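Residue numbers (the numbering used here): 5 to 254.
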């Protein structure tokens with residue numbers, strides 16, 4: 005199996021340089037043409053290679069997309085971090101940056117607030133689709149097909165009295181989120197914590213990231229967080245501008 009994987013990786017690199025014929029791929033991999041064809045067909049189904057007009061194999065568009073995602077992840081976090089740091093220092097609350105990675109929303113940055121208690125979130129962890137504000141705000145701005153894939157992974161596990169435990173309830177929340185421009189977590193995973201989350205747009209006007217400002221409800225309830233919405237929105241727009249957003253959405 006490891007040899008097969010190694011050959012597949014080598015083939016991807018080989019055809020990425022320029023389109024190659026089946027014979028060239030077989031010779032490069034040191035295998036019979038029938039074996040090379042099976043490897044190429046598998047890679048083609050996954051979108052890692054594609055056939056051009058001459059029937060040669062070239063780099064697939066899915067590979068290009070993954071490469072762009074990798075670049076975006078590195079760039080977005082580094083560009084957003086100073087803005088998040090400033091928010092955390094000014095308000096003393098914990099600030100997160102979430103990112104849509106495939107069909108999951110993942111925390112890619114987190115800055116703890118002053119005197120914050122332990123939270124379940126951490127960098128690299130998936131945000132709960134049905135409870136986390138940053139997951140809800142990113143999901144709310146996706147096209148129907150992408151949204152369906154994301155929501156298909158939601159567990160609807162009950163954590164508190166305010167947890168969404170049905171698709172209908174969450175759908176309504178997402179519609180409200182999109183209409184008003186921000187999401188809220190009203191103690192839906194940890195009853196003593198609430199947050200407000202805002203979308204971050206990329207150069208295409210798509211929401212690929214989101215930021216959330218999270219606080220102990222006893223220190224800053226939702227009404228208090230809402231009073232700073234203009235400032236939070238400005239921070240999200242600053243990050244969006246760094247990612248090439250021009251202020252227009254599709």
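We treat Cβ as the ideally placed atom computed from N, Cα and C, and that holds for glycine. Just so you know, these numbers come straight off a predicted model, no measurement behind them.
Exercise. Should residue 111 and residue 102 be called a contact, given that it needs their Cβ atoms to be closer than 7 Å?
Worked result: Sequence index remark: in the chain shown, residue 111 carries index 107 (1-based). Sequence index remark: in the chain shown, residue 102 carries index 98 (1-based). Contact: yes.
Exercise. Is the stretch 228-237 in contact with the stretch 61-74, if contact means three or more CB pairs nearer than 8 Å?
Worked result: no
For this session: Reducing DSSP to helix, strand and coil, say where residue 175 ends up.
Result: For the purposes of this step, residue 175 is taken as the residue at position 171 of the chain shown. Reduced to three states, the DSSP call for residue 175 is helix.
Problem set entry | residue 214 versus residue 182: straight-line alpha-carbon distance, rounded | As a working note, residue 214 is residue 210 in the chain shown. As a working note, residue 182 is residue 178 in the chain shown. Straight-line Cα distance between these residues: approximately 13 Å.
Problem set entry | Stretch-stretch touch, CB-based, cutoff 8 Å, three pairs: the stretch 204-219 with the stretch 87-99 | yes
Problem set entry | Three-state class that DSSP yields for residue 230 in the structure shown | Taking the first residue of the chain shown as position 1, residue 230 is located at position 226. In this structure, residue 230 counts as helix in the three-state DSSP scheme.
Problem set entry | Three-state class that DSSP yields for residue 243 in the structure shown | To locate residue 243, count along the chain shown from 1; it is residue 239. In this structure, residue 243 counts as helix in the three-state DSSP scheme.
Problem set entry | Buried or exposed by the 16-neighbour rule on C-beta atoms within 10 Å, applied to residue 144 | The count along the chain shown starts at 1 and reaches residue 144 at position 140. Under this definition residue 144 is a buried residue.
For this session: Starting from residue 55, follow its DSSP beta bridges and name the residues at the other end.
Result: Residue 55 sits at position 51 when you count from the first residue of the chain shown. Beta-bridge pairing links residue 55 to 61.
Problem set entry | Of the listed residues 222, 202 and 224, nearest to residue 238 (C-alpha basis) | Looking up residue 238 in the chain shown gives position 234. Ranking 222, 202 and 224 by Cα distance to residue 238 puts 202 first.
Exercise. Under a Cβ-count criterion, where at least 16 other Cβ atoms within 10 Å of its own Cβ denotes burial, should residue 161 be classed as buried or exposed?
Worked result: For the purposes of this step, residue 161 is taken as the residue at position 157 of the chain shown. Per the 10 Å Cβ criterion, exposed.
For this session: Please go through the stretch 116-199 and give each complete beta strand (DSSP E) segment of 3 or more residues, from N-terminal end onward.
Result: 187-190
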